[in-house]
Structure formats: C-alpha cells, structure tokens
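For the sequence shown, the UniProt record's numbering gives the first residue as 1, with consecutive numbering after it.
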Amino acid sequence: MLPLKRFEIGDTVIEIYGGWNEVGGNCIVVKDGDKKIVFDQGIRYTVLRQFYGGRVEPLGISELRSINAVPDPSVFEGAEALYISHTHLDHLGLLSGVPSDVEIVFPEPEVLQMTVADWYKTSTSWLSYVPPQYSSKIVSAKKLEADGRGVAAVPVHHSAYPSTAYIYFGKSVTIFYSGDLRLESPTNLFQHNLGEYLEKLGLGHVDIAIVEGTNFGFEIENFPVTVQILQDIFATTLLLYDLVAVSIDPLDLELFTFIYSYSQTFGRRVVVASKRIYWILKYLRDFINMDISNMFVASELETPPPTPLDFASIIHDVLKNPREYILVVDLINLLEILRKLRLWTEEISIPKAVALLTDPEPRETPKEVEERVVTKWLKLLGFDVYRVRLSGHYHQHNFQDLINIVKPKKLIPIHTEAPQQMMAIFEKITNRSVQS
Numbered sequence: 001m002l003p004l005k006r007f008e009i010g011d012t013v014i015e016i017y018g019g020w021n022e023v024g025g026n027c028i029v030v031k032d033g034d035k036k037i038v039f040d041q042g043i044r045y046t047v048l049r050q051f052y053g054g055r056v057e058p059l060g061i062s063e064l065r066s067i068n069a070v071p072d073p074s075v076f077e078g079a080e081a082l083y084i085s086h087t088h089l090d091h092l093g094l095l096s097g098v099p100s101d102v103e104i105v106f107p108e109p110e111v112l113q114m115t116v117a118d119w120y121k122t123s124t125s126w127l128s129y130v131p132p133q134y135s136s137k138i139v140s141a142k143k144l145e146a147d148g149r150g151v152a153a154v155p156v157h158h159s160a161y162p163s164t165a166y167i168y169f170g171k172s173v174t175i176f177y178s179g180d181l182r183l184e185s186p187t188n189l190f191q192h193n194l195g196e197y198l199e200k201l202g203l204g205h206v207d208i209a210i211v212e213g214t215n216f217g218f219e220i221e222n223f224p225v226t227v228q229i230l231q232d233i234f235a236t237t238l239l240l241y242d243l244v245a246v247s248i249d250p251l252d253l254e255l256f257t258f259i260y261s262y263s264q265t266f267g268r269r270v271v272v273a274s275k276r277i278y279w280i281l282k283y284l285r286d287f288i289n290m291d292i293s294n295m296f297v298a299s300e301l302e303t304p305p306p307t308p309l310d311f312a313s314i315i316h317d318v319l320k321n322p323r324e325y326i327l328v329v330d331l332i333n334l335l336e337i338l339r340k341l342r343l344w345t346e347e348i349s350i351p352k353a354v355a356l357l358t359d360p361e362p363r364e365t366p367k368e369v370e371e372r373v374v375t376k377w378l379k380l381l382g383f384d385v386y387r388v389r390l391s392g393h394y395h396q397h398n399f400q401d402l403i404n405i406v407k408p409k410k411l412i413p414i415h416t417e418a419p420q421q422m423m424a425i426f427e428k429i430t431n432r433s434v435q436s
C-alpha cells in the first residue's frame, strides 16, 4: 500500500495513508531511524461512500483493504505501536485488523471496552471488526509523560471522550499530532489547557505539527456554535418548550454533562433513553465520583443500566409532566422511541415539543440512522426540529490561536478538504509573527 503523501524532514519520514485532502480516515506513519510508530488507522469514509450504500455493505475487512478504505497490513510491518487518539471510527478503525504483535495505545482502555468494543462485538455486519482481537495488547497512553518510544499523550477536548493529541520526541525533531480537538468545552467538569500541557512537557515550540482542519473547506459554513451560543440555545429551548428531546453522539461525555448541569439550573431532570449512553452514567459515577442520583433511565428501554438509577416512564412520567424532564438520546434509539410515541400520543397531547439534533461530526461517521428519516417521524408527531452543531473541532477563527499555542516550524494539514487554505493562513500567521 502506497502512502497518499510522504514527507522527509532530515532523517525522519512521515507517511500519510489516510486523511490527506479528505476528512477522516487518519493514518500517519512516523519512521525515525530504526523506529516506526503509527498514529490512528481510521476508516476512510470518502472511499466507503463511493462503493457502499443502502443494501450494499462491505463483505469484510479484506474487501475494505482492497479498495484502500482501511490500512493494509503492510502499513504495520515493523511498527512498534499504534497510538489511537479517540474512538470515532475515522480514527479508531477496525482494531481486529491490527497485527497482534503491534501494541495498541489508547488514552483510557476502559472506555474503549465500555463503548465501541461492547457495541459492535455482536454485530452481524462489517462493524464486528471494530473491537480488538482477544490477543491484542492494549495499554494506556502515558499522559503528559513520554513513554519508552518517546510519545506523550496530551489530553484535548473533542466530541468523543477521552481524546488526546500526541507529542513525539524524536532523535532530531519533535512532532505534534492533533488527533481531533476543539479549544473550548461545554462542560466545567474538567478543562484541558493545551498551552499549559505543552509547557509542562518543556516545549516552547515543535518542529512539525500534523494538524486537523475539519472545519475548513465547507462551501457555506454554518455559523459556529460557541459554548456561549449553546447556553443561549438551551436556555431559550427549556423556557419555550414543554417536551425537549436532545440527540447526542453517545461518545460525547462533555456535551452530556453540559446538558445535565444546565437542565438542573432550569429545574429539569435528565432521562437517559439510549442504551449507548449507559457507559457515561457508569463513568461519571465510578471514575469521576460524580453524584448522578438526580438522573433517570427510561423504563421503556429493555436493558437495565449497569449503574443503579431510578426509572422514569416516557409515557407515564415524561409525557404527562414534560416540563419536569429532558430526554437525552442518540439517533438510533430516538427513532425507535418515536415510533412508539406515535401510538402513545393518541391519548396524550404534547402542545410544545422540540427535538435538538446535535451531530458534531456530520461527515465522519457511518449513518446507522438517516437524519432525514428521524426528522420525518419527528414532524409527524408535531415536533419542531432544529440542528445544533457544537463541533468537536476547533473553528476556523481558532486556527491562529492553535498555531500560537503549538508554535510549529512546519505544518502538515490533515483531516481536511482544504489543506492549501490552511497552509496559506499558516504562512500568513508565521510571517506576521516574524515581522513583529
């Protein structure tokens, strides 16, 4: 398998097998003398969408490799380790395809097991290749400390938790790999300061920055939803509407904790109505020691949560007293619940109902449920429907801030359809800083 792009910086070679001039599918190989490491090995959705759709699905990992939708085993030949930035599939990829002699490094392996590894282990589709093999060696990334290969994990904010950037301390160069990141978080539960982290690692600058640019390249960009705007949207929504349902990426712990905190401010209680969000409840209670006793689980879900919580019935509690609750779901479960609601609402009137669809990564995920189908059902039920995209990525106006924090000598744009635009802005920023 040939790289899409290759860079030589002294004795260091950087090969990009996915994510070049496209959103998603990141796979970066760094060769430094006799050392070889890999950062991410994501699914290339730009390729996947060309060959599959509707009833046409991949036959398996071999077919996906044959069309270069996922990395070929040759990418891992001689590699010591694969460093994963987060669990979105355009970075995580199909872990079962990673050779068992290659160590898989992940920020918090427990979360990997509680989420995608658990969700897809019984899948009858190609997604069954997502979980790692039983023989795979998965270790926790060293946070703000270089491991034996000279790689340090730098926690960042993103719409999948946990997420990390990586710093590689090479023989002659330092490399910053961003993974996916945003510079502000909707939650106050924890805050990551990239500048402080890099200072702690003793870095005043880096030689090479491999930086994602997802939010570059849109023909018409949606107005960026900042945290302040998000707060205003939720305040208005909770005041105007009786029944409020919010669909979230089930990996977005940051957004979930924001919704929980904000709903309490307005005297509403969160009702979790999706099994894929169960892991967040367990994580908040067992790993962060957060009091979640004021949360509820929808009794209509067939599977009880791993964390003991009180139940609230959608039909008997939420629909009868909608202003006391806020439903938090993911799109998969939302569609199932809505089809039941269509029957239930023959007896119960919902005067003011709204659904907020938060899809932070519209071009990076497999759509297991089409948004247009969900919207059709919502409108049939009398819901107002709004898309609220709190991006998991920094906005274009944050790019200069990011560059000023990392201070790279050289930029390699990745995970973007507009690398030339990023380079032009980077050159303008660095020229201005030199002149001043």
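Don't be surprised by glycine CBs; every beta carbon is placed ideally from N, CA and C.
Since we're looking at a predicted model, the values are computed, not measured.
(1) Give the straight-line distance between the Cα atoms of E371 and E199, rounded to the nearest whole angstrom.
(2) Residues in its own chain within less than 6 Å of F7 by CB, not counting five upstream and five downstream?
(3) List the whole-angstrom C-beta distance separating V374 from V328, where the pair is believed to meet the contact cut-off of C-beta under 8 Å.
(4) Could you give the DSSP three-state label for F223: helix, strand or coil?
(5) So, for K379: in the same chain, excluding its five sequence neighbours on each side, which residues have a beta-carbon less than 8 Å away from its beta-carbon?
(6) Report back the beta-carbon spacing between L181 and D401 to the nearest angstrom; my notes put them in contact at under 8 Å.
(7) How would you call A424, buried or exposed, if buried means at least 16 neighbouring beta carbons within 10 angstroms?
(8) Going by DSSP, which residues form a beta bridge with E103?
(9) I'd like the list of long-range same chain contacts for D11, defined as Cβ closer than 8 Å, with 5 residues on each side in sequence excluded.
(10) Residues in the same chain with beta-carbon distance under 6 Å from V38, minus the five sequence neighbours each way, listed in chain order, please.
(11) If you run the structure through DSSP and keep just helix, strand and coil, what is residue 473?
(12) In the DSSP assignment, the beta strand (DSSP E) including P3 goes from what residue to what residue?
(13) Using a Cβ-Cβ cut-off of 8 Å (strictly less than) and excluding sequence neighbours within five positions of A312, which residues of its own chain qualify?
(14) Consider the Cβ of G33: report whether some Cβ of chain C lies at a distance smaller than 9 Å.
(15) Give the DSSP-derived three-state secondary structure of S261 in the structure shown.
(16) I'd like to confirm the pairing. Which residues does DSSP put opposite Y168 in its beta bridges?
(17) Decide if L2 is buried, meaning its Cβ has at least 16 other Cβ atoms within 10 Å, or exposed.
(18) Hey, quick one: how far does the beta strand (DSSP E) through V246 stretch, first residue to last?
Let's see:
(1) 42 Å
(2) I14
(3) Contact doesn't hold; Cβ gap of about 15 Å is too wide.
(4) coil
(5) V385
(6) About 12 Å; that fails the 8 Å criterion.
(7) exposed
(8) A81
(9) D32, G33, K171 and S172
(10) V29, A79 and L82
(11) Residue 473 lies beyond the stretch modelled for the chain, which goes from 1 to 436, so this question has no answer here.
(12) P3 -> no beta strand (DSSP E), and no H or E assigned at all.
(13) R269, V271, F296, V297, A298, S299, V318 and Y325
(14) Of the protein chains in the structure, only one exists, and it is not chain C.
(15) helix
(16) V151 and I175
(17) exposed
(18) L243 to S247
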